[in-house]
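In what follows, a single structure is set out as structure tokens and then discussed.
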Amino acid sequence: MSLSDETVYSKLNALNETQEGIVSIAQWVMFHRRHAKRFAQIWLQRLKEASAPRKLNLVYLVNEVVQQMKARKKEEFGVAFAPIMADACEVAYRGSSADIQGKLRRVIQVWRQRAIFDVDVLDGIDARLDDVDKGKSSTTARRGLGGGIGGTTPAELTRLAAAQSKLNNQLTHSTIALGSAGDEYKKWMEADAIPPPAVYVARLSQLIKTLDIAHAAVSDALSSRKELIKNLETLLETNKTALAGEESQLKGVEEKKARTDDVKKDVENMLLSGMTDDKNGDTTMRSTTPDIEPPREMVEALTPPPAAEDPSFQESGPFSFQQTSPTKTQAPADLLSSMLQYGNYSKAPAAPKAADNPMAGMEGLDADVVAMLLKGANSSKGNGAPVQAQPLAMDDDDDEYHP
């Protein structure tokens, strides 16, 4: 009895979670044990397309089949499912709820206890499931830390990812269809014994249908491959255009940078040249131009002439505050001359003494003062009385001399 892909798909789609439904379909599958390899390929494809609960039902179906065949000491399904069980269990485990994952772990534990598959196969299954758990933990940790690198697919790669996923599905279909068509072709076209013509025609008609299915599957995979290549070429052309623009931008930036650097060097050279000229000019001016001291402002001297240079002080002897009378009586004219000399705080040449000129040495005095002095001088000449000199006074507040 021939087994078509459509029949297998219909049986798998009718699978439910009840014990009766799983056992009945398992019996049907075991009846077609000659197509165990082909059934395993179709089952894996259906597992990838199914939802999480239906994936668990499909695993339960395989569990029932392999255990029953193991009990009957038939190895067809064990050999057919062993190479794909690691991938199949990972597909069923990934993205499922914790409850479904626990049930899958329980099935694998039963397989290990009853030695349904070899130890290497079971170790490979456990390793795949552990990797899924580790990946889940890593993803959770990255989300807790605010995300990780590569957490979001760029928009430019979204179409590529969809095209690649579609191609993968088409390749799975085409692989299964090609395997079935190859087996049927070898069976009916390369057989040593040919059945009766009526039976042979029916088998050839079935082979043509199988080849049509394989042709359609391969055509779909080819179309998906072309679509992926087209998207890749579009992305490549887009990046080439962007690359040309970015290279032009880079060249423009480099030219601007070089020009700016040249201008900067020119300005620096100008500054250095100006500083050198300023230094040379200052040196020339200092070497050729004599230093001209500005004229000093005429300031009246505040210090009296030394006593040693004054004849009157030499004649009168040392100065004393206790002196109540001078040692030498001076005429009023001489006294006035001495007062005028020290009143100007500067040493002036001695005025010529003339007995017949009473106005000598009185230049610059007020008329009232001159009249008073002349009156005193005449009185002194007439009476011959000596004129007592008043003692010199000192300001109590400072050391400045006050005549």
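Heads up: the sequence shown begins at 10 in the working numbering, then just goes up one per residue.
Glycine residues also receive a C-beta, built at the ideal position from the N, C-alpha and C atoms.
Values in this document were obtained by computation on a predicted structure and should not be read as measured data.
Cβ atoms of residue j and residue i: under 8 Å apart, would you say?
i: A97; j: E73; result: no
i: L237; j: A172; result: yes
i: V68; j: A101; result: yes
i: R137; j: E99; result: yes
i: A61; j: I109; result: yes
i: L166; j: A230; result: no
Can you tell which of the options has the C-alpha that lies nearest to the C-alpha of residue i?
i: G191; options: A267, K218 and K112; result: K218
i: L187; options: G283, R63, L220 and V88; result: L220
i: V227; options: D271, H182, A202 and E255; result: H182
i: K196; options: D270, L131, R212 and I109; result: R212
i: Q215; options: F126, E193, R168 and N22; result: E193
i: S233; options: H41, D142, K57 and L169; result: L169
i: S33; options: V71, V262, T243 and N278; result: V71
i: I31; options: E58, N66 and A59; result: N66
i: N178; options: A376, E29 and L53; result: L53
i: K235; options: D275, E29 and K175; result: K175
Measuring only the C-alpha atoms, how far is residue i from residue j?
i: S19; j: P92; result: 24 Å
i: L24; j: K249; result: 51 Å
i: A359; j: M381; result: Below a pLDDT of 50, predicted positions are generally treated as unreliable, and A359, at 49, falls in that range; the measurement from the model is reported next regardless. Whole-angstrom Cα-Cα distance: 23 Å.
i: M284; j: L259; result: 38 Å
i: L113; j: K64; result: 10 Å
i: T247; j: G254; result: 11 Å
i: H41; j: S105; result: 31 Å
i: G87; j: Y209; result: 32 Å
i: W120; j: E15; result: 30 Å
i: E26; j: Q122; result: 24 Å
i: R43; j: L12; result: 10 Å
i: D142; j: K239; result: 36 Å
i: R103; j: A80; result: 30 Å
i: A107; j: L56; result: 18 Å
i: D270; j: N278; result: 12 Å
i: L413; j: E58; result: Because the chain spans 10 through 412 in this model, residue 413 falls outside it and cannot be assessed.
i: R268; j: V276; result: 13 Å
i: A225; j: A207; result: 28 Å
i: Q245; j: G261; result: A small fix is needed here, since residue 245 is Leu in this sequence, not Gln. Taking the straight line joining both Cα atoms gives about 24 Å.
i: D132; j: D139; result: 10 Å
i: K83; j: D201; result: 27 Å
i: A251; j: S282; result: 47 Å
i: S257; j: T243; result: 21 Å
i: I158; j: K266; result: Below a pLDDT of 50, predicted positions are generally treated as unreliable, and I158, at 42, falls in that range; the measurement from the model is reported next regardless. If you take the alpha carbons of I158 and K266, they lie about 34 Å apart.
i: G144; j: G111; result: 17 Å
i: L280; j: V272; result: 12 Å
Return yes when the C-beta of residue i is under 7 Å from any heavy atom of the ligand ADP, and no when it is not.
i: R123; result: With respect to the ligand ADP, the structure shown offers nothing to examine, as it has no ligands at all.
Tell me which same chain residues have a C-beta within less than 7 Å of the C-beta of residue i, skipping the five on either side of it?
i: Q77; result: A35 and M39
i: W37; result: K20
i: I134; result: M94, A95, C98 and I117
i: E29; result: none
i: V75; result: F86, G87, F90 and I125
i: I203; result: Y209
i: P205; result: none
i: A376; result: none
Give me, in chain order, the residues of the same chain whose beta-carbon lies closer than 8 Å to that of residue i; leave out the 5 immediate sequence neighbours on both sides.
i: A89; result: A45, K46, F48 and A49
i: I51; result: D14, V17, Y18, L21 and I185
i: D127; result: A91
Ordered along the chain, which non-local residues of its own chain (more than five positions away) have a Cβ less than 6 Å from that of residue i?
i: A223; result: A186, L187 and A190
i: E85; result: R42 and A45
i: E263; result: none
i: G160; result: In this prediction, G160 scores a pLDDT of 49, lower than 50, which makes its location untrustworthy; the coordinate-derived value is nonetheless stated afterwards. Taken in chain order, the list of residues that qualify is empty.
i: K274; result: none
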